[in-house]
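Student: Following this message is one structure expressed as structure tokens.
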Amino acid sequence: MNKVISSDIKTNKRLSMRQIMNLYQVTKEFKGNIYFICNHKLVDAKKLSTFVSFVLILQECATMKVILEGENVHAMLEKVQAICKENDESSFGFQSNQTVNI
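Here is the structure:
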């Protein structure tokens, strides 16, 4: 059964390109839709070019709203929040053993 939930996500630093690609990857695998809203702009996370542009223009310490629609939305929300919080935990954040399929 499809459900819809939303949540605010606050980041302390700009999202790295790795985080953006990780968000895109989990979005592609999600059986539903994920939208991000910030400053009255809405973007579908499954559209890579618009999603990257949207995230790169966000100000530091920005608060985004994420809207999830589909199955297992709570599990997906936890994944999205974990990816967005990665940059809060380390200053470098680069791990050479991770890959992203496009």
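For the record, in the sequence shown the residue sitting at position 28 is 28 according to our numbering, with numbers rising by one throughout. Virtual Cβ for every residue (Gly too), placed ideally from N, Cα, C.
Under a three-way DSSP split, which group does methionine 1 fall into?
Tutor: If DSSP states are grouped into helix, strand and coil, methionine 1 belongs with coil.
Student: Here's the rule I'm using: 16 or more other beta-carbon atoms within 10 Å means buried, otherwise exposed. How should asparagine 39 be labelled?
Tutor: Exposed, because fewer than 16 other Cβ atoms sit within 10 Å of the Cβ of asparagine 39.
Student: For threonine 11 and methionine 1, I'd like the C-alpha separation in whole angstroms.
Tutor: Approximately 31 angstroms, taken between the alpha carbons.
Student: When you compare only the Cα positions, how much space is there between histidine 74 and isoleucine 9?
Tutor: Spanning the two alpha carbons is a distance of roughly 14 angstroms.
Student: Using the beta-carbon count (16 or more within 10 Å), is glutamine 81 buried or exposed?
Tutor: The residue in question, glutamine 81, is exposed, as its Cβ has fewer than 16 Cβ neighbours within 10 Å.
Student: Entirely within the stretch 29-72 and at least 3 residues each: give me those beta strand (DSSP E) ranges in chain order.
Tutor: Segments of the beta strand (DSSP E) lying fully in the stretch 29-72: 32-38, 41-44 and 63-70.
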